[in-house]
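Read through the structure below, which is laid out as structure tokens, and then see the notes.
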Amino acid sequence: DWTMHAFRAEAVKAIRAQVGQGRVLCALSGGVDSSVAALLIHEAIGDRLTCVFVDHGMLRQGEAEQVVSLFRGHYNIPLVHVDASETFLKALDGVQEPEEKRKIIGKLFIDVFDAEAKKIAADGRGAPEFLAQGTLYPDVIESVSFQGGPSVTIKSHHNVGGLPARMKMKLVEPLRELFKDEVRALGRELGLPEIFVGRHPFPGPGLAIRLPGGVTAEKLAILRKADAIYLDEIRKAGLYDKIWQAFAVLLPVKSVGVMGDGRTYDFVCALRAVTSTDGMTADFFHFDMNFLGRAATRIINEVRGINRVVYDVTSKPPGTIEWE
Ligand code: XMP
Numbered sequence: 208d209w210t211m212h213a214f215r216a217e218a219v220k221a222i223r224a225q226v227g228q229g230r231v232l233c234a235l236s237g238g239v240d241s242s243v244a245a246l247l248i249h250e251a252i253g254d255r256l257t258c259v260f261v262d263h264g265m266l267r268q269g270e271a272e273q274v275v276s277l278f279r280g281h282y283n284i285p286l287v288h289v290d291a292s293e294t295f296l297k298a299l300d301g302v303q304e305p306e307e308k309r310k311i312i313g314k315l316f317i318d319v320f321d322a323e324a325k326k327i328a329a330d331g332r333g334a335p336e337f338l339a340q341g342t343l344y345p346d347v348i349e350s351v352s353f354q355g356g357p358s359v360t361i362k363s364h365h366n367v368g369g370l371p372a373r374m375k376m377k378l379v380e381p382l383r384e385l386f387k388d389e390v391r392a393l394g395r396e397l398g399l400p401e402i403f404v405g406r407h408p409f410p411g412p413g414l415a416i417r418l419p420g421g422v423t424a425e426k427l428a429i430l431r432k433a434d435a436i437y438l439d440e441i442r443k444a445g446l447y448d449k450i451w452q453a454f455a456v457l458l459p460v461k462s463v464g465v466m467g468d469g470r471t472y473d474f475v476c477a478l479r480a481v482t483s484t485d486g487m488t489a490d491f492f493h494f495d496m497n498f499l500g501r502a503a504t505r506i507i508n509e510v511r512g513i514n515r516v517v518y519d520v521t522s523k524p525p526g527t528i529e530w531e
């Protein structure tokens, strides 16, 4: 892609001009935006970029390992991997309400990142004065229109966007002029593997908002397995790129089933898949019933703790994409 080839060179020049001999911190989430921002900045300033990956323990199966092995192993980018799963789990203990979960995760994320930033600042190489953000053009527009926008908050959408206010750092935002599809093209131009480039959007609070009710380590483990099987079937069927987002939700409901000659009393798993162009509106995805049957059978056979699977046929509006 010639446009992105040219953009890459321009962006690298601009980053060098802005940062000079300074250091940059980047909160890496594993999503395409922060990944592309990190690669671009690394190309511009090398080891004066340090990435911090705060693992809140609410990621999908294999995701943390993928991020670490790609950035540290493959790209050799300085990466601090903070495994804060225990801290987040403890903070969420007994919390049921979706917005409450978001607030706790959002605040804790900033605390953990802040503590890590202080350690990096004390490593003898001079404190980083810049913070990298994978802000896109639509984010820029949204935050402008937000002030005069509707006063009803459906969901507070906590993500790394809350960082800069607290950190008192200068922002480096190399993707500010790009739309999502352009970021993906730039990611390909930078050699980012397809599994990162084409990844479905994933909410900042992660699996915590796909477990209606309380979050426990046990429920997280069950949800992670079911979700991985569902996504595996979607990939095998060649449907992944036709879908905007697909995921499993573990309902806080138990139902009776029969397995062999025994009675089971286990959780219900809901499967969700939608098509969308911007996440603002969405249609439920029309799977073939054979596909759904296959995914359900595998989940029930392979995941201990689930004995029933249902498919969500709600579009947005009136539903939202996530259940919380
Ligand atoms: P809803 O559920 O509101 O989701 O239809 C629209 C899009 O936003 C994502 N989402 C979030 N992203 N923090 C995020 O960073 C959040 O708290 C959050 N809640 C929802 C959702 O996955 C979908 O892409």
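Residues in the sequence shown are numbered from 208 upward in steps of one, following the UniProt record's numbering.
We treat Cβ as the ideally placed atom computed from N, Cα and C, and that holds for glycine.
Against chain C, with Cβ distances strictly below 8 Å, would residue i count as a contact?
i    : result
R383 : The displayed structure is made up of one protein chain only, and chain C is not part of it.
Give me the Cα-Cα distance between residue i and residue j, rounded to the nearest whole angstrom.
i    : j    : result
K297 : Y344 : 36 Å
Q340 : D321 : 15 Å
F353 : I361 : Note that F353 scores 43 on pLDDT, short of 50, meaning its location in the model is unreliable and no value can be drawn from it.
R431 : A224 : 43 Å
N497 : I284 : 44 Å
K443 : G421 : 32 Å
G355 : Y472 : Reliability fails at G355, whose pLDDT of 41 lies under 50, so the model's placement of it is uncertain and no value is given.
G269 : S276 : 11 Å
L397 : D208 : 11 Å
E250 : V219 : 7 Å
V481 : D434 : 15 Å
R215 : I248 : 10 Å
E306 : L382 : 29 Å
Who are the Cβ neighbours of residue i in its own chain at under 8 Å, not counting the five residues just before and after it?
i    : result
R505 : I436, E440
D254 : P285
Counting only the same chain and skipping the five closest in sequence on each side, list residues whose C-beta sits under 6 Å from that of residue i.
i           : result
R279        : L286
residue 197 : Any question about residue 197 goes unanswered here, given that the chain covers just 208 to 531.
Grab the span of the beta strand (DSSP E) containing residue i for me, first residue to last.
i    : result
A455 : 452–466
T257 : 256–262
A480 : 469–482
Since residue i is in the alpha helix (DSSP H), which residue starts that stretch and which ends it?
i    : result
A291 : A291 -> no alpha helix (DSSP H), and no H or E assigned at all.
N283 : It is not in any alpha helix (DSSP H) - N283 carries neither H nor E in the DSSP assignment.
I361 : Here I361 belongs to no alpha helix (DSSP H), and DSSP marks it neither H nor E.
R223 : 209–226
V404 : 401–404
Relative to the C-alpha of residue i, which residue among the options is closest?
i    : options                : result
D490 : A453, R515, A477, R501 : A453
E425 : V226, F337, E293       : E293
Q303 : R417, A503, G405       : R417
V520 : G512, N514, D495       : D495
T488 : S522, I450, A244       : S522
L378 : H212, A221, M211, E217 : A221
Starting from the C-beta of residue i, find all residues in its chain whose C-beta is less than 7 Å away, skip the five residues before and the five after it, and write them out in chain order.
i    : result
F409 : G238
Item to complete: Tell me, please, whether the segment 230–237 touches the segment 257–272 by the rule of three or more beta-carbon pairs shorter than 8 Å.
Response: Contact between the segment 230–237 and the segment 257–272 is present, because at least three Cβ pairs lie under 8 Å.
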